[in-house]
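First up is the structure itself, then whatever we jot down about it.
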Amino acid sequence: KWQGTPEENLMTLRSVARLFGAEDVGCIELDDDIKKMVFDSEMDGKKYVFEDVDAAYETATKRVIPNNCKYVFTWSMRQPPNMTRHQAGRKENAPTYIAYMRGHFLSCYIKDFVRGLGYTMVGAGGTGIGCIGPTGGFAALSGLGELGRASYVIHPKYGLTNRAMWMHITNFPIVPTKPIDFGGREFCKTCKICA
1 KWQGTPEENL
11 MTLRSVARLF
21 GAEDVGCIEL
31 DDDIKKMVFD
41 SEMDGKKYVF
51 EDVDAAYETA
61 TKRVIPNNCK
71 YVFTWSMRQP
81 PNMTRHQAGR
91 KENAPTYIAY
101 MRGHFLSCYI
111 KDFVRGLGYT
121 MVGAGGTGIG
131 CIGPTGGFAA
141 LSGLGELGRA
151 SYVIHPKYGL
161 TNRAMWMHIT
171 NFPIVPTKPI
181 DFGGREFCKT
191 CKICA
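Structure (structure tokens):
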């Protein structure tokens with residue numbers, strides 16, 4: 001098992017995530033209040049359950065997350081910038097599709113990397129099967145941005161061009177990052193272009 005300080009571990013995951021194409025990363029501790037944000041069940045009907053086990057496992061009726069997984073690692077995936085600039089019209093869905101497609105690959109790469117270090121990481125992240133909670137809420141709490149009027153997380157550098165924020169629950173010790181307030185939510189109160 002690889003050993004490092006929580007600060008070193010966050011820097012390591014940040015480097016790996018960016019190498020594979022993520023834009024930004026964050027982390028929050030998975031305490032009892034944050035556990036309330038985890039979905040009760042998956043789209044396929046399987047329940048999410050926390051248990052005192054060493055490794056995550058799945059049965060026909062539930063997906064078990066070990067109680068020793070005390071961190072939520074979050075990261076963002078940006079739409080291709082050039083395609084986004086020309087998004088209106090026939091190619092409108094392409095940047096969105098590409099970001100989600102790349103995000104699912106990146107999710108697997110990050111989880112495999114953490115498993116290679118000897119730790120557990122669960123959750124598919126952005127959308128669909130395996131999305132274990134409201135990614136926007138986790139992203140805002142971990143400092144990836146602010147929740148905006150369009151129900152998207154507004155990133156301070158990339159605005160709304162981030163496609164679903166992504167999240168994974170892990171026992172890899174990572175230093176938590178703090179929520180931010182850069183004025184994005186206040187800007188939404190007056191802009192209203194997306195309304």
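If you use the working numbering, the sequence shown corresponds to residues 1 to 195, in order. All C-beta atoms in this analysis are idealised placements derived from N, C-alpha and C, irrespective of residue type, glycine included. All of these numbers come straight from a predicted model, not from anything done at the bench.
- By DSSP's assignment, F50 forms a beta bridge with I65.
- Taking C-beta atoms under 8 Å as the contact rule, T74 and V114 fail to qualify, at a distance of about 14 Å.
- Counted as a single uninterrupted DSSP element, the beta strand (DSSP E) harbouring A164 occupies residues N162 to T170.
- Excluding residues up to 5 positions away in sequence, E23, Y158, T161 and N162 lie with their Cβ nearer than 6 Å to the Cβ of R78 in the same chain.
- DSSP places M77 inside the beta strand (DSSP E), whose first and last residues are Y71 to R78.
- In the displayed model, C131 falls within coil according to three-state DSSP, outside both helix and strand.
- If the five residues before and after F105 are omitted, its C-beta is found closer than 7 Å to no C-beta atom of its own chain.
- Taking 8 Å as the cut-off, the Cβ atoms of I110 and V38 do not count as close.
- Contact between the region 61 to 70 and the region 41 to 52 is present: 3 or more CB-CB pairs across the two stretches fall below 8 Å.
- No Cβ-Cβ contact shorter than 8 Å links G136 with M101.
- Residue pairing by DSSP puts L147 in a beta bridge opposite V153.
- For E29, the uninterrupted beta strand (DSSP E) run begins and ends at V25 to E29, by DSSP.
- Cβ contact annotation for P176 (same chain, cutoff 7 Å, sequence separation greater than five): C27, I28 and E29, in chain order.
- Taken through DSSP and simplified to helix, strand or coil, S15 comes out as helix.
- Judged by DSSP in its simplified three-state form, G159 adopts strand.
- Looking from the CA of A60, the closest CA among K70, G4 and E42 belongs to E42.
- Cβ-Cβ separation between P179 and L141: approximately 6 Å, consistent with a contact (criterion under 8 Å).
- Judged by their CB atoms, A139 and G133 are not nearer to each other than the 8 Å cut-off.
- Rounded to whole angstroms, M121 and A94 show a C-alpha spacing of 30 Å.
- For the pair G103 and N9, the Cα-to-Cα distance works out to about 21 Å.
- Straight-line measurement puts the Cα of P156 at about 7 Å from the Cα of F182.
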